[in-house]
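So the mapping is simple: this note's numbering equals the position in the sequence shown, first residue as 1, plus 577.
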Amino acid sequence: MIVLPDDVRAARQLVAVAGHRNDAATARAGLAHPDESVRATALGALARIGVLHADSLKHHLFPRTEPSPLVRRRAAELSAGLADVVLLGALHDPDWSVVEMACWAIGEHEAADDPTLERLIQLGSEHEESLVREAAVAALGAVGDPRGLPTIIAATRDRAPVRRRAAVSLAPFDEPEAENALRELLTDRDWQARQIAEDLLDARPSVDAPADSA
578 MIVLPDDVRA ARQLVAVAGH RNDAATARAG LAHPDESVRA TALGALARIG
628 VLHADSLKHH LFPRTEPSPL VRRRAAELSA GLADVVLLGA LHDPDWSVVE
678 MACWAIGEHE AADDPTLERL IQLGSEHEES LVREAAVAAL GAVGDPRGLP
728 TIIAATRDRA PVRRRAAVSL APFDEPEAEN ALRELLTDRD WQARQIAEDL
778 LDARPSVDAP ADSA
């Protein structure tokens, strides 16, 4: 059994190096260290080695088994590489930064079951932290489910960073209301939102284009 030193700096260094040396035993020992930064580093080391599994992530993803938001956020981030990790619980985390990262990871999965989709819609519409709303809108765009479209369109009237993200998230949708929302963004007061909308509209096939003559 590997016992890491109590000194945080030394323990973190050992765990980080273990990730580069394929030393899974030392990396796993870091998961039980009392310091949050060592545990977060251990998760990253195991991911680097390629032996981080869903069970390990789940243990460090929820407040009932992992008290540190820092570690839970890192677990949510690393879950992006594991499609079998269910992140719905992380979308209810009391720490908004964990929720934000969980949204990002779901977007990386490009898939969401119905309860997760419903929670993303709620977060994109109602969360008090704009970074969470932005991340939820991005995830809805990546998932591409039409049920998320009204939330994305509503986000085009949010703060500038959220409006920009909403514009990008409209790209997968070919519904008329998505195109209308992009056209409204052409007059947005934020130049980046305007530019995104213009680029996306230019990339859309024109319904008015004349047919090729025989």
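No residue lacks a Cβ here, since even glycine has one placed at the ideal position from N, Cα and C.
- Under the three-state reduction of DSSP output, Glu706 falls in the coil class, being neither helix nor strand.
- In this chain, Val662 is not harboured by any alpha helix (DSSP H), its DSSP state being neither H nor E.
- Straight across, the Cα-Cα distance linking Glu695 with Val580 is about 44 Å.
- With at least 16 other beta carbons inside 10 angstroms of its own, Leu620 counts as buried.
- For Ile579, the secondary structure class from DSSP, reduced to helix, strand or coil, is coil.
- Straight across, the Cα-Cα distance linking Leu726 with Val714 is about 9 Å.
- Setting aside the 5 residues that flank it on each side, His630 has no residue in the same chain whose C-beta is closer than 7 Å to its C-beta.
- Between the C-alpha atoms of Arg598 and Asp776 there is a straight-line separation of about 45 Å.
- Judged by DSSP in its simplified three-state form, Glu643 adopts coil rather than helix or strand.
- The C-beta distance from Val592 to Val628 rounds to 14 Å, too long to meet the 8 Å contact threshold.
- For the pair Glu711 and Val739, the CB atoms are nearer than the 7 Å cut-off.
- In this structure, Ala606 keeps its C-beta atom at 7 Å or more from the C-beta atom of Leu623.
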